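Q: Handing you a structure now.
Residue numbers (the working numbering): 4 to 193.
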């Protein structure tokens, strides 16, 4: 009996080896190997210029009649997204345009876990504005507006070509934030 119990104990110990234990692995995301930040001057014939990241492609937008407008779509290249960039020659008071831009940011409060803003103030070049960073699973993680506060107003909205998943987009968002700050801080009215 003792021999049988000893044999069962030895067999039981060998049956419990760690070699066969399977541990499920958490889902992973592809690592982005993005280039160093480099910039080139983009000058529009609409009266503004800024430093755009070299991986961006600024595309003209045409109206329904096929006439080129001052709006731009900025392709984000390997980040798989776009910045819808709009230029407006102001006809209403500045507050109308600022309130509209703020209302567009507020639409994302339902999904946003935080909204951070960075003020842009360049008195020398008369460029004033705000860059909004929306955290969480929002459709547009960055929005911004810039103005001369008298007659010109531009706004930008970032969209990615994927379902919003903040955790998986975080490396792209961190990379893009540097480029957006560079765009905003180098913006000039011509």
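We put the beta carbon where it would ideally sit given N, CA and C, even for glycine.
Only a predicted model underlies this, so the values are computations on that prediction, with no experimental measurement involved.
Excluding the 5 residues flanking residue 71 on each side, which residues of the same chain have their C-beta closer than 7 Å to its C-beta?
A: Same-chain partners within the cutoff: 63, 65.
Q: Quick check: what's the CA-CA separation for residue 115 versus residue 107?
A: Their Cα atoms are separated by approximately 13 Å.
Q: If contact is defined by three or more beta carbon pairs under 8 Å, each pair taking one atom from either stretch, is the stretch 95 to 102 in contact with the stretch 163 to 175?
A: Touching, no, given that fewer than three Cβ pairs across the two stretches are closer than 8 Å.
Q: Alpha carbon to alpha carbon, how far is residue 143 from residue 160?
A: Going by the C-alpha atoms only, they are around 7 Å apart.
Q: Assuming residue 82 and residue 184 are in contact, meaning their beta carbons sit under 8 Å apart, how far apart are those beta carbons, in whole angstroms?
A: So it is not a contact: roughly 15 Å between Cβ atoms.
Q: Tell me the residue span of the beta strand (DSSP E) that contains residue 99.
A: Looking at the DSSP string, residue 99 is not in any beta strand (DSSP E); the run it does join, the alpha helix (DSSP H), is 97 to 109.
Q: Following the continuous beta strand (DSSP E) through residue 120, name the residue where it begins and the one where it ends.
A: Per DSSP, residue 120 belongs to the beta strand (DSSP E) from 115 to 125.
Q: What number of angstroms, rounded off, separates the C-alpha of residue 191 from the C-alpha of residue 164?
A: If I take the Cα positions, the gap works out to 29 Å.
Q: Considering Cα atoms alone, identify which of 76, 17, 40, 37 is closest to residue 47.
A: Checked all of 76, 17, 40, 37; the closest Cα to residue 47 is 76.
Q: Can you give me the Cβ contacts of residue 111 inside the same chain, cut-off strictly under 6 Å, excluding the 5 residues immediately before and after it?
A: Around residue 111: 137, 141.
Q: Alpha carbon to alpha carbon, what distance is there between residue 96 and residue 36?
A: Straight-line Cα distance between these residues: approximately 44 Å.
Q: Could you give the C-beta distance for residue 149 and residue 55, rounded to a whole number, given that I count them as a contact under 8 Å?
A: Not confirmed; about 14 Å, so no contact.
Q: Given a threshold of 16 other Cβ atoms within 10 Å of its Cβ, counted over all protein chains shown, does residue 10 qualify as buried or as exposed?
A: Exposed, since its Cβ has fewer than 16 Cβ neighbours within 10 Å.
Q: Would you kindly report the start and end of the unbroken beta strand (DSSP E) that includes residue 195?
A: This structure gives no information on residue 195, because the portion of the chain shown stretches from 4 to 193.
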